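Undergrad:
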Amino acid sequence: MITTDDIRQAPNAPMHDLTQLARPFPPGFIERKDGTDYVAHHVVTQRLLSIVGPFDFELVEIIRGDVAEVAPIPNGKSRRARTGTPALHNIAVGGVWRLTCEIDGRRVRIEEIGDVGDVHNWPHDGARLKDAASDALKRCAMRLGLGLHLWAQEHYFLDRQLWAILEQPGSTAEAEEAVARQRGPAGAGLDGFEPPAAEPDAEAASAVAPVAPDAAGPAEEPAADPADGQLDLADQRVAERGRQRRAAATGEGGPARSGRGRRRSVPANGRSQPDRRMPVRGTAEWEQPDEGLAERFEALVEEAGVSIADAREFLHRSPHYSGVSDPRDLHGPTLARLVERMGQKDADGSSGLAAFRAKVEEVLGGTSG
Numbered sequence: 412m413i414t415t416d417d418i419r420q421a422p423n424a425p426m427h428d429l430t431q432l433a434r435p436f437p438p439g440f441i442e443r444k445d446g447t448d449y450v451a452h453h454v455v456t457q458r459l460l461s462i463v464g465p466f467d468f469e470l471v472e473i474i475r476g477d478v479a480e481v482a483p484i485p486n487g488k489s490r491r492a493r494t495g496t497p498a499l500h501n502i503a504v505g506g507v508w509r510l511t512c513e514i515d516g517r518r519v520r521i522e523e524i525g526d527v528g529d530v531h532n533w534p535h536d537g538a539r540l541k542d543a544a545s546d547a548l549k550r551c552a553m554r555l556g557l558g559l560h561l562w563a564q565e566h567y568f569l570d571r572q573l574w575a576i577l578e579q580p581g582s583t584a585e586a587e588e589a590v591a592r593q594r595g596p597a598g599a600g601l602d603g604f605e606p607p608a609a610e611p612d613a614e615a616a617s618a619v620a621p622v623a624p625d626a627a628g629p630a631e632e633p634a635a636d637p638a639d640g641q642l643d644l645a646d647q648r649v650a651e652r653g654r655q656r657r658a659a660a661t662g663e664g665g666p667a668r669s670g671r672g673r674r675r676s677v678p679a680n681g682r683s684q685p686d687r688r689m690p691v692r693g694t695a696e697w698e699q700p701d702e703g704l705a706e707r708f709e710a711l712v713e714e715a716g717v718s719i720a721d722a723r724e725f726l727h728r729s730p731h732y733s734g735v736s737d738p739r740d741l742h743g744p745t746l747a748r749l750v751e752r753m754g755q756k757d758a759d760g761s762s763g764l765a766a767f768r769a770k771v772e773e774v775l776g777g778t779s780g
């Protein structure tokens with residue numbers, strides 16, 4: 412349950428806090444267990460505190476229940492399996508917590524349920540409630556957009572939509588349509604294993620100020636890493652917000668650009684254009700891949716000595732494939748380019764299959780095969 416003191420957003424009111432909450436966690440904070448991505452609650456707490464400041468987190472209700480006995484399995488793999496677990500009655504199996512904080516000048520209250528992962532892992536209800544509280548905090552934070560990308564996976568668009576609302580005039584619906592036409596962060600190439608470059612919009616291309624070949628000025632730095640770009644934008648927003656608060660308090664100062672981050676080409680209107688990446692299912696640009704192409708990709712994966720599971724995990728982790736893991740969900744031209752690259756023979760005699768396997772091992776940390 413989410414409640415606010417004022418549901419309607421005032422016209423032209425910026426959503427800086429919400430935009431920061433929606434920013435995906437860097438890959439280094441994301442862990443994986445039982446096939447599910449997650450971020451530890453202490454990391455979630457730090458992000459929440461850094462954006463909204465101190466917050467209230469209170470227990471509303473303890474959920475109690477009975478847990479059935481599990482009979483022992485004589486040839487079980489663990490001692491617990493061999494001994495079984497006893498029945499438990501009227502113990503804490505979860506709870507409801509309320510998170511209250513201020514976001515973009517509004518007081519927001521959220522209630523969420525937290526589950527006890529395994530009641531037999533804890534000696535008493537206090538420890539069980541501590542476990543459930545961590546789960547409830549992450550769920551409350553998710554309702555604010557913090558870590559929501561871990562639930563949404565390849566369907567996540569909130570961060571790009573909020574940036575579009577801040578950067579572009581118009582309604583939320585227009586911003587969502589703009590996000591659907593654009594793609595998220597893109598980084599350096601993966602040795603040929605990346606989507607084909609998107610054709611720039613004519614309007615966007617004409618808006619970019621041309622630079623004379625021999626114009627004076629500092630040399631352009633290499634393209635930034637995608638995560639680096641996101642953090643640069645975030646730093647700029649935080650700095651801008653601080654300037655606005657100081658200006659409101661003192662009557663001095665005004666909008667200014669943060670000097671942090673690397674140089675980027677900026678359109679003549681002063682607004683940065685979002686980077687692009689592979690379109691996903693449901694967007695206007697996405698094209699259904701040919702089934703034969705998907706089968707060809709899987710055959711080449713096996714020929715390269717890579718498991719299908721590792722290949723899918725590679726696609727999911729790569730910043731170039733929008734979090735998609737199933738080749739049948741890839742943008743048609745993207746899959747065609749990937750299959751073409753895998754079937755190539757390089758001038759030095761190395762094959763695209765060997766290059767693909769090396770890239771999978773690099774992304775998965777050498778665990779492929």
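In this note's numbering, the protein residues as written are 412 to 780.
Using N, Cα and C, we set each Cβ at its ideal position, and we do this for glycine too.
Note that the coordinates shown come from a computational prediction; the quantities given were computed from them, not determined experimentally.
On the three-state DSSP scale, how would you describe residue 461?
TA: The sequence position of residue 461 within the sequence shown is 50, counting from 1. Correct three-state label for residue 461: helix.
Undergrad: Quick check on residue 764: does DSSP put it in helix, strand or coil?
TA: Translated into positions along the sequence shown, residue 764 becomes position 353. If DSSP states are grouped into helix, strand and coil, residue 764 belongs with the helices.
Undergrad: Applying the criterion that 16 or more other CB atoms from any shown protein chain within 10 Å of the CB defines a buried residue, is residue 733 buried or exposed?
TA: In the sequence shown, counting from the first residue as 1, residue 733 sits at position 322. It counts as buried.
Undergrad: With a threshold of 8 Å on Cβ separation, who are the neighbours of residue 442 within its own chain once the five nearest residues in sequence on each side are excluded?
TA: Locating residue 442 in the sequence shown gives position 31, counting from the first residue. The residues are 448, 449, 450 and 451.
Undergrad: Which partner residues of residue 467 appear in the DSSP bridge assignment?
TA: Looking up residue 467 in the sequence shown gives position 56. According to DSSP, residue 467 bridges with 511.
Undergrad: Identify the residues that DSSP records as bridge partners of residue 504: which are they?
TA: To locate residue 504, count along the sequence shown from 1; it is residue 93. BP columns for residue 504 are empty, so no partner.
Undergrad: Within a Cβ cutoff of 7 Å, which residues of the same chain sit near residue 459, ignoring the five residues on either side of it in sequence?
TA: Within the sequence shown, residue 459 is the residue found at index 48, counting from 1. Counting only Cβ-Cβ distances below 7 Å, and skipping sequence neighbours, we find 466, 552 and 557.
Undergrad: How should residue 713 be labelled, buried or exposed, when 16 other C-beta atoms within 10 angstroms of its C-beta is the threshold for buried?
TA: Here residue 713 is taken as the residue at index 302 of the sequence shown, counted from 1. With fewer than 16 Cβ atoms within 10 Å of its Cβ, residue 713 is classed as exposed.
Undergrad: Check each candidate in 457, 510, 478 and 731 and name the one with the smallest Cα separation from residue 544.
TA: Against the sequence shown, residue 544 aligns to sequence position 133. Minimum Cα distance to residue 544 is reached at 510.
Undergrad: Taking contact to mean 3 or more Cβ pairs, one atom from each stretch, closer than 8 Å, check whether the stretch 466–480 and the stretch 504–519 are in contact.
TA: Touching, per the Cβ criterion.
Undergrad: Take residue 745 as the anchor and find which of 471, 479 and 698 has the nearest alpha-carbon.
TA: As a first step, residue 745 is located in the sequence shown; it is residue number 334 there, counting from the start. It is 698.
Undergrad: Just checking residue 743 against the ligand FMN - is the residue's beta carbon closer than 7 Å to any of the ligand's heavy atoms?
TA: In terms of ligand content, the structure shown is empty, and the ligand FMN therefore cannot be addressed.
Undergrad: Alpha carbon to alpha carbon, how far is residue 755 from residue 763?
TA: As a first step, residue 755 is located in the sequence shown; it is residue number 344 there, counting from the start. As a first step, residue 763 is located in the sequence shown; it is residue number 352 there, counting from the start. Each residue's Cα considered, the two are about 5 Å apart.
Undergrad: What does a CB cutoff of less than 7 Å around residue 428 pick up in its chain, not counting 5 residues either side in sequence?
TA: One-based indexing of the sequence shown puts residue 428 at position 17. Excluding residues within five positions, the ones whose Cβ falls inside 7 Å are 462, 463, 514 and 515.
Undergrad: Excluding the 5 residues flanking residue 435 on each side, which residues of the same chain have their C-beta closer than 7 Å to its C-beta?
TA: Indexing the sequence shown from 1 puts residue 435 at position 24. Cβ within range, chain order: 560 and 570.
Undergrad: Name the two residues that bound the continuous beta strand (DSSP E) containing residue 447.
TA: Mapped onto the sequence shown, residue 447 falls at position 36. Per DSSP, residue 447 belongs to the beta strand (DSSP E) from 447–449.
Undergrad: Assuming residue 498 and residue 480 make a contact with CB atoms under 8 Å, what is their CB distance in whole Å?
TA: By one-based count along the sequence shown, residue 498 stands at place 87. By one-based count along the sequence shown, residue 480 stands at place 69. Going by Cβ atoms, the distance from residue 498 to residue 480 rounds to 4 Å, so yes, they are a contact pair.
Undergrad: Beta carbon of residue 725, beta carbon of residue 774: below 8 Å?
TA: The residue given as residue 725 occupies position 314 in the sequence shown. The residue given as residue 774 occupies position 363 in the sequence shown. Yes, these two residues count as a Cβ contact at 8 Å.
Undergrad: Is DSSP giving residue 746 helix, strand or coil here?
TA: The residue given as residue 746 occupies position 335 in the sequence shown. Looking at residue 746 - three-state DSSP - the assignment turns out to be helix.
Undergrad: Rounded to the nearest angstrom, what separates residue 692 and residue 716 at their Cα positions?
TA: Counted from its first residue, the sequence shown places residue 692 at position 281. Counted from its first residue, the sequence shown places residue 716 at position 305. Each residue's Cα considered, the two are about 29 Å apart.
Undergrad: Take residue 529 as the anchor and find which of 549, 504, 548 and 508 has the nearest alpha-carbon.
TA: For the purposes of this step, residue 529 is taken as the residue at position 118 of the sequence shown. Nearest C-alpha to residue 529: 504.
Undergrad: Do you know whose CA, among 727, 573 and 501, lies nearest residue 433's CA?
TA: For the purposes of this step, residue 433 is taken as residue 22 along the sequence shown, with counting starting at 1. When each option's Cα is compared against that of residue 433, the closest is 573.
Undergrad: Pull the bridge partners of residue 577 from the DSSP assignment, please.
TA: Numbered from 1 along the sequence shown, position 166 holds the residue referred to as residue 577. The partner list for residue 577 (beta bridge, DSSP) is empty, contrary to what the question assumes.
Undergrad: Rounded to whole angstroms, what's the CA-CA distance from residue 674 to residue 718? Just pull it up for me.
TA: Stepping through the sequence shown from its first residue, residue 674 is reached at position 263. Stepping through the sequence shown from its first residue, residue 718 is reached at position 307. Because residue 674 sits at a pLDDT of 37, beneath the cut-off of 50, its placement in the model cannot be relied upon, and the following sentence gives the value as read from the coordinates. Each residue's Cα considered, the two are about 40 Å apart.
Undergrad: Taking the straight line between their C-alpha atoms, what separation do you get for residue 494 and residue 527?
TA: In the sequence shown, residue 494 corresponds to position 83, counting from 1. In the sequence shown, residue 527 corresponds to position 116, counting from 1. Roughly 22 Å separates the two Cα atoms.
Undergrad: Keeping to the same chain, check which residues put their C-beta closer than 7 Å to that of residue 747; ignore five residues upstream and five downstream.
TA: In the sequence shown, counting from the first residue as 1, residue 747 sits at position 336. Once the five neighbours on either side are set aside, the close Cβ partners of residue 747 are 704.
Undergrad: Using a 10 Å radius around the Cβ and a threshold of 16 neighbouring Cβ atoms, would you call residue 565 buried or exposed?
TA: The sequence position of residue 565 within the sequence shown is 154, counting from 1. When all chains shown are included, residue 565 counts as buried.
Undergrad: Who are the Cβ neighbours of residue 550 in its own chain at under 8 Å, not counting the five residues just before and after it?
TA: For the purposes of this step, residue 550 is identified with residue 139 of the sequence shown, where counting begins at 1. 523, 524 and 525, listed in sequence order.
Undergrad: Go to residue 549, then tell me how far its alpha helix (DSSP H) extends in each direction, as first and last residue.
TA: Translated into positions along the sequence shown, residue 549 becomes position 138. 536–554 is the extent of the alpha helix (DSSP H) around residue 549.
Undergrad: Is the shortest distance between the beta-carbon of residue 551 and the beta-carbons of chain C less than 8 Å?
TA: Absent from the structure is chain C; it holds one protein chain and no more.
Undergrad: Hey, would you say residue 507 sits closer than 8 Å to residue 472, going by beta carbons?
TA: Residue 507 sits at position 96 when you count from the first residue of the sequence shown. Residue 472 sits at position 61 when you count from the first residue of the sequence shown. For residue 507 and residue 472, yes; Cβs fall inside 8 Å.
Undergrad: I'd like to know whether the C-beta atoms of residue 723 and residue 737 end up nearer to each other than 8 Å.
TA: Position 312 of the sequence shown, counting from 1, holds the residue named residue 723. Position 326 of the sequence shown, counting from 1, holds the residue named residue 737. The answer is yes: Cβ separation under 8 Å.
Undergrad: Given residue 546, which residues of its chain have a CB within under 7 Å of its CB, disregarding the five upstream and five downstream residues?
TA: Within the sequence shown, numbered from 1, the residue matching residue 546 stands at position 135. Counting only Cβ-Cβ distances below 7 Å, and skipping sequence neighbours, we find 525 and 526.
Undergrad: Do you know whose CA, among 742, 438 and 492, lies nearest residue 690's CA?
TA: The residue you call residue 690 lines up with position 279 of the sequence shown. Residue 742 is the option with its Cα nearest to residue 690.
Undergrad: Note down the Cα distance separating residue 563 from residue 770, rounded to an integer number of angstroms.
TA: For the purposes of this step, residue 563 is taken as the residue at position 152 of the sequence shown. For the purposes of this step, residue 770 is taken as the residue at position 359 of the sequence shown. Near 26 Å, if we compare the C-alpha coordinates of residue 770 and residue 563.
Undergrad: Residue 476 by DSSP, collapsed to three states: which one?
TA: On the sequence shown, position 65 is the one that residue 476 refers to. It is a strand residue.
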